[in-house]
Amino acid sequence: LPRNSDLKCPVFSGVGHPDFYTFKTEFDEYVTTQSWTALEYIRMLKRAALQGAPKELASDMDNSDEIWKILKLNYGVAGILIADRKKEIRKVGRCTGSAEKRREWAIDIHSKLTRLHAICKTHSKHDDLYHSEIFGDVRRALPDKAQTDFQDEVIQWEEDNEKDATRSELFH
Numbered sequence: 016l017p018r019n020s021d022l023k024c025p026v027f028s029g030v031g032h033p034d035f036y037t038f039k040t041e042f043d044e045y046v047t048t049q050s051w052t053a054l055e056y057i058r059m060l061k062r063a064a065l066q067g068a069p070k071e072l073a074s075d076m077d078n079s080d081e082i083w084k085i086l087k088l089n090y091g092v093a094g095i096l097i098a099d100r101k102k103e104i105r106k107v108g109r110c111t112g113s114a115e116k117r118r119e120w121a122i123d124i125h126s127k128l129t130r131l132h133a134i135c136k137t138h139s140k141h142d143d144l145y146h147s148e149i150f151g152d153v154r155r156a157l158p159d160k161a162q163t164d165f166q167d168e169v170i171q172w173e174e175d176n177e178k179d180a181t182r183s184e185l186f187h
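Going by this note's numbering, the first residue of the sequence shown is number 16, and it counts up by one from there.
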């Protein structure tokens, strides 16, 4: 019997959240709360955790290593995951409305940028992130006053440090 029966098995459909790596981590964590045989592990992975196309990919497989390998091959490409995260950020749109709406926007953007950063860090793609257009997109989504304040902070930082600011220095 499972030690923590209140935990639900994570689900992966290959679309949206969670991405492959998040799902893999969550499933591995879930498995540690269970007392399964190898057969039960594969059965739970194929019948409960996978949905849609990922489930179809694994349907004829009986080896968990092979299942993870085919899932990673199809859903674990870093460049695609990074591009998807950038699309999610752009979909948020401009920061407008009441103070509450702007706070919700900021929390949403922060969460999405954090996920993007985590993927880039996991796959050693920091240069891709720091040279990305996404920072300009987020800056342009800010209210005009916030954009001006940000520019003033950058100018002040550059004057204080007597050099041009790099993205790495600004966003660490």
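Where is the CB? At the ideal position from N, CA and C, for every residue including glycine.
Quiz prompt | Ordered list of alpha helix (DSSP H) runs contained in the region 74-144, each at least 4 residues | solution = 79-90, 93-106, 114-137
Quiz prompt | Reduced DSSP secondary structure (H/G/I, E/B, other) of residue 72 | solution = helix
Exercise. Taking 8 Å as the cut-off, decide whether the C-beta atoms of residue 60 and residue 74 are in contact.
Key: no
Quiz item: Are at least three pairs of beta-carbons, each pair with one atom in the region 101-108 and one in the region 120-138, less than 8 Å apart?
Solution: yes
Quiz item: Exposed or buried, which one is residue 170 when buried takes at least 16 other CB atoms within 10 Å?
Solution: exposed
Exercise. Flag residue 72 as yes when its Cβ comes closer than 7 Å to any non-hydrogen atom of the ligand COA, and as no otherwise.
Key: This structure lacks the ligand COA; in fact it carries no ligand of any kind.
Quiz prompt | Three-state secondary structure assigned by DSSP to residue 60 | solution = helix
Practice problem: Would you kindly check if the distance between the Cβ of residue 140 and the Cβ of residue 64 is under 8 Å? | Solution: no
Exercise. Assess, as a yes-or-no matter, whether the region 107-114 is touched by the region 156-169 under the definition of 3 or more beta carbon pairs within less than 8 Å.
Key: yes
Practice problem: For residue 27, write down the residues that DSSP places opposite it in a beta bridge. | Solution: 65
Practice problem: For my contact list, residue 135 and residue 123 are in at a C-beta cut-off of 8 Å; report their separation, rounded to the angstrom. | Solution: So it is not a contact: roughly 19 Å between Cβ atoms.
Quiz item: Where do the N-terminal and C-terminal ends of the alpha helix (DSSP H) with residue 174 fall, by residue?
Solution: 159-176
Self-check item: Reduced DSSP secondary structure (H/G/I, E/B, other) of residue 40
Solution: helix
Quiz item: Helix, strand or coil: which one does DSSP assign to residue 180?
Solution: coil
Practice problem: Grab the span of the alpha helix (DSSP H) containing residue 34 for me, first residue to last. | Solution: It is not in any alpha helix (DSSP H) - residue 34 carries neither H nor E in the DSSP assignment.
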